[in-house]
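Participant: Pasting in a structure now, in structure tokens, and then I'll have a few things to ask.
2 protein chains.
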Amino acid sequence: MKQNNYCVIMAGGIGSRFWPFSRNKRPKQFLDFFGTGKSLIQMTVDRFRPIVPMDHILIVTNVIYKNLVLEQIPDLKESQILCEPARRNTAPCIAYAVAHIKAMVFEQVTGRKMQENEDVDWDDDKMNANIIVAPSDHLILQESAFQQVIKKGLRFIAEHDTLLTLGMKPTRPETGYGYIQMMPGDDSLRKVKTFTEKPNLELAQVFVQSGEFLWNSGIFLWNLRTIRHEIKKNLPDIANKFLAGEWMMGTDKEEEFIQGMFPTCPNISIDYGVMEKAESVHVLIADFGWSDLGTWGSLYDLSEKDEKQNVALKCQAHFYESTGNIVALPEGQLAAIRGLKDYIVAESDGVLMICPKSEEQQIRQFVADAEVQGDGKYN
Amino acid sequence: MKQNNYCVIMAGGIGSRFWPFSRNKRPKQFLDFFGTGKSLIQMTVDRFRPIVPMDHILIVTNVIYKNLVLEQIPDLKESQILCEPARRNTAPCIAYAVAHIKAMVFEQVTGRKMQENEDVDWDDDKMNANIIVAPSDHLILQESAFQQVIKKGLRFIAEHDTLLTLGMKPTRPETGYGYIQMMPGDDSLRKVKTFTEKPNLELAQVFVQSGEFLWNSGIFLWNLRTIRHEIKKNLPDIANKFLAGEWMMGTDKEEEFIQGMFPTCPNISIDYGVMEKAESVHVLIADFGWSDLGTWGSLYDLSEKDEKQNVALKCQAHFYESTGNIVALPEGQLAAIRGLKDYIVAESDGVLMICPKSEEQQIRQFVADAEVQGDGKYN
């Protein structure tokens with residue numbers, strides 16, 4: 008385990024697509040979806056423990072979830088939780104983490120805090136570090152395969168000034184993911200040709216058949232020098248905002264600085280803001296049983312089914328004349344269901360939702376309506 | 008309020024048709040169906056308070072519900088709860104209550120307990136009493152109309168040696184009720200021509216159109232002398248069993264006697280065993296918003312509906328592309344339901360049931376299956 012490996016876990020999402028399971032006060036990453044005893048964020052942190060020193064794991068989350076993070080991952084120090092005072096997508100989130108890591112590296116190398124306006128030679132090799140950025144709310148089934156891939160990626164970015172993203176071998180023409188087209192080659196490490204948005208079904212089928220396209224996982228690896236340069240070049244506005252307060256990172260001035268500055272950042276994703284524009288981007292082909300758990304449908308697809316293609320998560324369910332349903336109730340509950348085909352039945356914390364799987368995009372409307380009537384109790 | 012009015016409330020049912028709302032450990036009569044703050048049995052007792060002295064109200068129930076009755080109706084004395092050690096339908100239940108009331112009347116008239124083999128002149132007018140028998144789990148909407156009818160019935164049976172039943176003016180060709188055909192006449196009090204079993208829909212339509220038929224409510228009035236004679240004549244086996252232990256009623260021997268004897272009684276209803284065979288039976292035409300709440304469907308029919316014909320009981324429910332459903336969740340819960348037509352969605356105490364209204368006879372199967380797996384937890 009190299010002392011200059013860092014990991015940034017992004018945990019600011021509100022996961023409203025999994026309502027009523029996932030709620031404003033306890034979003035998806037904090038839930039134990041499969042009844043394994045661990046939430047998605049706990050599993051995410053555990054996956055990085057053998058690779059990154061524990062005190063180099065940073066969680067970026069909304070300030071309202073700080074206590075939830077501390078509760079679920081008690082061996083984190085408070086200083087390892089970077090609190091966003093507003094939701095600004097992944098680019099400002101990553102820029103914040105990069106600024107924070109710079110201060111950590113500076114202190115590790117020099118044994119002291121940075122001073123205001125201090126002139127530091129950041130291109131000095133001593134000042135470099137390897138950074139993994141990962142979402143907190145994805146499912147990864149094969150942990151050791153994941154760790155092998157990450158280690159391979161780390162070796163590569165330690166020696167190459169390139170941005171590296173993990174691309175998942177597609178197993179179906181999924182329309183819910185972005186795709187990465189890679190350059191031809193024999194190695195599992197390739198240059199990226201293009202990033203594409205979520206395709207329609209026809210296009211997704213072409214992508215998968217071509218063998219040139221991978222699912223964009225949102226898991227990135229790069230060294231500090233490279234991401235620093237790329238943010239500065241492609242998002243100079245955001246870069247400059249963070250540069251101004253860099254010396255405050257890791258001090259008692261950090262919180263106030265972020266509170267005032269962060270909300271002034273534009274809402275922009277790292278994919279759109281940096282990855283699609285960067286000079287050198289590579290992709291590492293990976294295959295470790297991955298899902299972004301973006302929808303009930305994807306959860307259904309992943310789950311073990313009975314002979315009638317029904318799924319019961321965390322509960323007992325008796326199905327009669329019913330096929331293709333996913334039922335998720337609080338642990339220990341029983342469901343008796345008759346005459347339902349391809350529905351989601353989900354209950355959590357005082358809210359029951361019943362909706363056809365094919366219409367789950369309507370959940371947004373349910374949440375909005377629940378919000379109006381429940382005074383925040385139901386959303 | 009006459010001091011020789013008695014009321015017998017039958018509360019031994021297990022109400023499995025309302026599973027999962029109604030459970031073995033808390034059947035239908037003990038539930039607050041409409042979120043009014045009172046259970047059906049509490050409302051039943053309250054309806055009789057102005058008519059019958061409180062200490063003349065008897066509850067006949069299964070021994071396992073004794074504590075539930077005491078908890079829900081705390082101003083009852085334990086001696087007012089007659090415990091059945093087994094389920095034997097209404098005839099043994101009523102025979103037991105009649106034996107118990109005989110002992111109460113004897114003590115009230117003589118100031119002492121009956122002795123074994125004591126020769127009492129039960130046909131003496133002093134020994135007579137008026138008795139109302141009513142189920143504990145029906146819904147009655149117009150309480151004062153109900154009380155007027157009961158008072159009229161009491162006046163009649165105080166002066167006539169006849170069995171009197173309340174017949175409800177039918178408002179629809181309901182196939183879930185038995186019907187009473189009455190003799191022609193102008194008064195709301197008529198002689199009964201026939202009792203009929205639950206009819207099919209065609210027959211029910213003929214019944215309702217004829218104007219001669221009433222719904223059989225299962226609420227009876229009679230004086231002690233008459234019911235005593237009719238049980239003796241029509242159910243001599245049961246009558247003799249109770250006669251043998253009559254002197255033990257209201258003493259510390261009652262419980263043991265009933266424990267040994269009651270299970271030996273045949274399983275027979277008062278309708279079949281007595282009403283259909285008795286010499287003189289009258290019906291009092293009544294109209295006070297009555298339902299036996301026998302099925303989810305009947306509960307749906309009775310309940311207030313929104314513009315899409317949906318019913319939400321005790322909970323909030325948001326319906327989308329959904330019509331004709333009845334949803335009953337624990338108080339304070341929210342349901343968001345899309346794409347359901349004519350379903351029952353009911354949840355209580357760890358069990359969720361979803362079933363088309365037209366197939367609610369399947370509930371028996373759900374309960375049986377739940378029983379197997381839940382070790383009694385779910386039934």
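Chains as they are written, first to last, in my numbering: chain V, 8 to 386; chain H, 8 to 386. A virtual CB, placed ideally from N, CA and C, is assigned to each residue, including glycine.
(1) Among V:Leu250, V:Asn274, V:His236, V:Ile226, which residue has its Cα nearest to the Cα of Gln93 (chain V)?
(2) Any C-beta of chain H sitting closer than 8 Å to the C-beta of Val116 (chain V)?
(3) Going by beta-carbon coordinates alone, are Ile58 (chain V) and Ile157 (chain V) separated by less than 8 Å?
(4) Please say whether Thr258 (chain V) and Lys384 (chain V) have beta carbons closer to each other than 8 Å?
(5) Taking 6 Å as the limit between beta carbons, can you name the residues of its chain near Glu261 (chain H), skipping five residues before and five after?
(6) What is the residue span of the beta strand (DSSP E) that Glu91 (chain H) lies within?
(7) Please report how far the alpha carbon of Arg232 (chain V) lies from the alpha carbon of Ile238 (chain V), in whole angstroms.
(8) Have a look at His107 (chain H) and Leu336 (chain H) and give me their C-alpha separation to the nearest angstrom.
(9) Roughly how many angstroms lie between the CA atoms of Leu38 (chain V) and Gly301 (chain V), to the nearest whole one?
(10) Keeping to the same chain, check which residues put their C-beta closer than 6 Å to that of Thr330 (chain H); ignore five residues upstream and five downstream.
(11) Since Cys362 (chain H) is in the beta strand (DSSP E), which residue starts that stretch and which ends it?
(12) If Ser23 (chain H) and Leu146 (chain H) are in contact, beta carbons under 8 Å, what's the gap, nearest whole angstrom?
(13) Threshold first: 3 residues or longer. Then list the beta strand (DSSP E) segments lying entirely within the region 26–85 of chain V, N to C.
(14) Using a Cβ-Cβ cutoff of less than 6 Å, which residues in the same chain neighbour Lys35 (chain H) once the five nearest sequence positions on both sides are dropped?
(15) Measuring only the C-alpha atoms, how far is Asn74 (chain V) from Asp126 (chain V)?
(16) Rounded to whole angstroms, how far is the Cβ of Gln340 (chain H) from the Cβ of Leu359 (chain V), which I believe are closer than 8 Å?
(17) Counting C-beta neighbours from all protein chains within 10 Å, is the total for Asp194 (chain V) 16 or more, i.e. buried, or is it exposed?
(18) What residue ranges within the region 207–285 of chain V form continuous beta strand (DSSP E) runs of no fewer than 3 residues, ordered along the chain?
(19) Taking 8 Å as the threshold (C-beta atoms), are Ile164 (chain V) and Leu171 (chain V) in contact?
(20) If you follow the beta strand (DSSP E) that Arg162 (chain H) is in, where does it begin and where does it stop?
(21) Does the beta carbon of Glu378 (chain H) come closer than 8 Å to any beta carbon on chain V?
(22) Mind listing the chain H neighbours of Glu366 (chain V)? Cutoff is C-beta to C-beta under 9 Å, in chain order.
(23) Going by DSSP, what residue range makes up the alpha helix (DSSP H) through Leu309 (chain H)?
(24) In terms of alpha-carbon separation, which member of V:Lys159, V:Gly346, V:Gly357 lies closest to Ile361 (chain H)?
(25) DSSP puts Arg345 (chain H) in a beta bridge; with which residues?
(26) Near Gln266 (chain H), which residues of its chain fall below 6 Å by C-beta distance, leaving aside the five closest residues on each side in sequence?
(27) Straight-line CA distance for Gln216 (chain V) to Glu367 (chain V)?
(28) Excluding sequence positions up to five away, which residues of its chain have a Cβ less than 8 Å from the Cβ of Val288 (chain V)?
(29) At a Cβ threshold of 8 Å, is Val318 (chain V) touching chain H?
(30) Which stretch, first to last residue, makes up the alpha helix (DSSP H) that contains Ala106 (chain V)?
(31) Answer with yes or no whether the minimum CB distance from Tyr390 (chain H) to chain V is below 8 Å.
(32) Report buried or exposed for Pro270 (chain H), applying the criterion of at least 16 other Cβ atoms within 10 angstroms of its Cβ.
(33) Quick one: is Val358 (chain H) near chain V, going by C-beta distance under 8 Å?
(34) From the DSSP output, in three-state form, read off Lys315 (chain V) for me.
(35) If I measure Cβ to Cβ from Phe153 (chain H) and keep anything under 7 Å in the same chain, skipping five residues before and after, which residues do I get?
(36) Looking only at its own chain, which residues have a Cβ that is under 8 Å from the Cβ of Val70 (chain V), when we skip the five neighbours before and after it?
Facilitator: Taking the definition as stated:
(1) At residue 93 (chain V) the sequence reads Ala, which differs from the Gln that was named. With distances taken between Cα atoms, Ala93 (chain V) lies closest to V:Asn274.
(2) no
(3) yes
(4) no
(5) Met255
(6) 88–91
(7) 10 Å
(8) 40 Å
(9) 14 Å
(10) Lys315, Gln316, Lys348
(11) 358–363
(12) Going by Cβ atoms, the distance from Ser23 (chain H) to Leu146 (chain H) rounds to 18 Å, so no, they are not a contact pair.
(13) 64–69
(14) Gly22, Phe25, Ser29, Asp144
(15) 36 Å
(16) 7 Å
(17) exposed
(18) 220–230
(19) yes
(20) Not the beta strand (DSSP E): Arg162 (chain H) falls in the alpha helix (DSSP H), residues 150–166.
(21) no
(22) Tyr327, Glu328, Arg345, Gly346
(23) 303–309
(24) V:Gly346
(25) H:Tyr327
(26) Pro92
(27) 28 Å
(28) Thr169, Leu170, Leu171, Thr172, Lys198, Val199, Met282
(29) no
(30) 97–117
(31) Coverage of chain H is limited to positions 8 through 386, which leaves residue 390 (chain H) absent and any answer about it impossible.
(32) exposed
(33) yes
(34) coil
(35) Arg54, Ile147, Phe295
(36) Cys90, Glu91, Pro92
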